[in-house]
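Just so you know, the numbering used here puts 346 at position 314 of the sequence shown, and the rest follows in order with no gaps. All residues carry an ideal CB built from backbone N, CA and C; glycine is no exception. The structure under discussion appears below in the form of structure tokens.
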Amino acid sequence: MTRTPHSPGRPASLTDDFLQGLVARVPSTSGGTWKLTEVYTGEVLVELPQSTPADIEQAFARAREAQREWARWPLAKRLKVFRKAHTLLVDHARTTADLIQAESGKNRRMAIEETCDPPMVISHYLKRAPKLLAPKRRGGPVPLVSSSTEIRQPKGVVGIIAPWNFPFATGLSDAIPALMAGNGIVLKPDNKTALSPLYGISLLEQAGLPRGLFQVVCGEGPDVGPTLIDHANYVMFTGSTATGRVIGERAGRNLIGCCLELGGKNPMIVLEDADLDEVVQGALFGVFGNTGQICMHIERIYVAESRYDEFKALFVAAAEALRLGASYDFGPELGSLVSVEHRDRVASHVEDAVAKGATVVTGGRARPDLGPAFFEPTVLEGVTREMLAGSCETFGPVVALHRYRTVDEAVALANDTGYGLNASVWGRDLDRAVGVAQRIESGNVNVNDSLATAYASKGTPSGGVKQSGVGARHGDQGLLKYTDVQNLAVLKKQVMGARPGQDYDAYVRQMLVSLKLMRRTRIR
Ligand code: NAD
33 MTRTPHSPGR PASLTDDFLQ GLVARVPSTS GGTWKLTEVY TGEVLVELPQ STPADIEQAF
93 ARAREAQREW ARWPLAKRLK VFRKAHTLLV DHARTTADLI QAESGKNRRM AIEETCDPPM
153 VISHYLKRAP KLLAPKRRGG PVPLVSSSTE IRQPKGVVGI IAPWNFPFAT GLSDAIPALM
213 AGNGIVLKPD NKTALSPLYG ISLLEQAGLP RGLFQVVCGE GPDVGPTLID HANYVMFTGS
273 TATGRVIGER AGRNLIGCCL ELGGKNPMIV LEDADLDEVV QGALFGVFGN TGQICMHIER
333 IYVAESRYDE FKALFVAAAE ALRLGASYDF GPELGSLVSV EHRDRVASHV EDAVAKGATV
393 VTGGRARPDL GPAFFEPTVL EGVTREMLAG SCETFGPVVA LHRYRTVDEA VALANDTGYG
453 LNASVWGRDL DRAVGVAQRI ESGNVNVNDS LATAYASKGT PSGGVKQSGV GARHGDQGLL
513 KYTDVQNLAV LKKQVMGARP GQDYDAYVRQ MLVSLKLMRR TRIR
């Protein structure tokens, strides 16, 4: 195959047979395919089968059949699969990273870090699932003779719709607690990035996950989405706010639950007493990590007036020193954007800002010399809410710097957005920084970090507020959302209501006295 001048040389693991084997599990009775390309070169990696509505119905039928059996497995037996899967996922992290890099164009560090997410989620829920899924005996309305037990049952088959920016993590990590709870899965990855989740599923199956339980269907969102949502018992969606609205509406009409993890326009506040060396390192990752394609990444930085010039000088110098490039090794600190279309969208935000009066402090240009979809780390000043880069999610390596006079002003500016996914506050006085963090309208707020601490804290629910989402992943609700509650109530003896021959006034008096007694006793 002829290679473009900037070709980094495809990893040896990505043979044609290997890739064909991965896509073979995607159903496509029409025979239609989509050209899945290596982002660094634009060359076709594999023809990805495209699923028709009938294929999707079949996928649900297969998953449902396997799910009935899986839900009957004792929990300990189900969890054993994930113990083994953890080992396999870690042992095969490098091959997974090769796939992630090829299909998304991100740099090696981000690809490897992405491979760590499903094992982290497995570790957390291996410990937590037995407690969460155990039946919980509660008191009934009449002490001693009645009881109620909270029983967690799987919802059935969960539809997962995943984006391209963390295809392996969003394809697998959200499925793990659902599977542990006894559900089946039908996943729709983005066409561009279907390979790494397909590989992850093959590893889960090597670990003992029953075949058929985890289905994958592929196609453009609007083609696949309606049939998928109409057959699912619950929908887990990660993607843009615009698409989230469409998914939420359809799930609502079908009266099924959904979790929507959406976009952000995430602010960082640098307080006067912050350690600027640390802030610069944190901001470099927060702004440019994954080439700015992290839902929680920073697009707005507000710096105390007295530290602004110092911060700007350090941050811009550090951004200009970042190594960009197409490589499957750890050399480049910044990879490519996911596609030429996305590069053009990012560029349009910069052009719009400049046309409306903003200044490009550094960067601002596409870098076709490095690969089809590369874009420079870009720092803007003078961005306002009237500009696309000031109000809409750019989702690229672009950040706007602002100075503020008072902390109240900084908080007001940080909150001046329809989004509420992530925020970051930096300061040496931790109590003060935490106080500021608590005033920000955001589902996640990191103090002295940009995003990773919140995301990696698997024990706490993580989701967006305002237009950034509904529901959360991680924490107890990250598993319980995939279950229905059965309230199993038992009455040992029929004692409610007046006894035979008892007059109703006497019964009411006795009942009111009992109510008072019940509040005083410890019986629940
Ligand atoms: P997107 O909404 O365009 O697509 C996401 C997924 O939805 C893709 O698989 C796509 O094919 C599918 N889709 C598109 N239209 C659909 C429809 N009508 N019905 C059903 N499915 C449909 O988002 P994207 O551009 O792929 O991803 C980037 C966005 O995802 C950003 O906004 C980012 O902030 C967000 N994101 C959020 C989180 C989070 O946890 N909050 C995580 C990662 C990404």
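With H, G and I counted as helix, E and B as strand and the rest as coil, what does DSSP make of residue i?
i                 : result
threonine 275     : helix
asparagine 447    : helix
methionine 528    : coil
threonine 539     : In the sequence on display, residue 539 carries tyrosine and not threonine. The answer is helix: DSSP assigns tyrosine 539 an H, G or I state.
leucine 331       : The sequence given here places glutamate at residue 331; leucine does not occur at that position. Note: glutamate 331 maps to strand in three-state DSSP.
cysteine 148      : helix
asparagine 478    : strand
aspartate 49      : helix
glycine 422       : helix
phenylalanine 427 : coil
serine 338        : helix
proline 229       : helix
glutamine 518     : strand
tryptophan 196    : coil
proline 85        : helix
leucine 287       : coil
leucine 121       : helix
glutamine 499     : helix
asparagine 454    : strand
alanine 432       : strand
threonine 416     : coil
valine 393        : strand
leucine 131       : helix
glutamine 90      : helix
proline 258       : helix
leucine 68        : strand
lysine 163        : helix
arginine 282      : helix
asparagine 139    : coil
serine 489        : coil
leucine 54        : helix
tyrosine 157      : helix
Using 8 Å as the threshold, is the C-beta distance between residue i and residue j below it?
i              : j              : result
lysine 138     : asparagine 322 : yes
arginine 375   : alanine 398    : yes
alanine 521    : glycine 172    : yes
threonine 410  : threonine 394  : yes
arginine 505   : glycine 496    : no
glutamate 337  : arginine 435   : yes
valine 218     : leucine 287    : no
leucine 111    : leucine 158    : yes
isoleucine 333 : valine 431     : yes
leucine 637    : valine 378     : The first residue shown for the chain is 33 and the last is 556, placing residue 637 beyond what the model contains.
threonine 181  : threonine 270  : no
alanine 469    : valine 479     : yes
tyrosine 451   : arginine 140   : no
arginine 460   : valine 443     : no
leucine 292    : glycine 503    : yes
threonine 273  : glutamine 499  : yes
isoleucine 144 : valine 256     : no
Buried or exposed: where does residue i fall if 16 or more other Cβ atoms within 10 Å of its Cβ makes it buried?
i              : result
leucine 46     : buried
lysine 187     : buried
serine 558     : Residue 558 is absent from the structure shown; the chain starts at 33 and stops at 556.
leucine 245    : buried
proline 364    : buried
methionine 268 : buried
leucine 462    : exposed
methionine 328 : buried
aspartate 535  : exposed
valine 527     : exposed
lysine 224     : buried
threonine 449  : buried
leucine 549    : exposed
arginine 184   : buried
glutamine 518  : exposed
threonine 128  : buried
* Per the contact definition of three or more C-beta pairs closer than 8 Å, is the segment 131-144 in contact with the segment 217-228? -> yes
* Asked: Three or more beta-carbon pairs under 8 Å between the segment 64-80 and the segment 104-118, yes or no?
  -> Using a Cβ-Cβ distance cut-off of 8 Å, the segment 64-80 and the segment 104-118 are not in contact, since fewer than three pairs of beta carbons, one from each stretch, lie closer than that value.
* Is the segment 110-124 in contact with the segment 147-165, if contact means three or more CB pairs nearer than 8 Å? -> Between the segment 110-124 and the segment 147-165, the count of C-beta pairs closer than 8 Å reaches three or more; the two stretches touch.
* To do: Inspect the CB distances between the segment 290-302 and the segment 448-456 and report whether three or more fall short of 8 Å.
  => yes
* Asked: For the segment 195-215 against the segment 508-516, are there 3 or more C-beta pairs whose distance is under 8 Å?
  -> yes
* **Segment contact, 8 Å Cβ cut-off, at least three pairs: the segment 420-436 with the segment 87-97** => no
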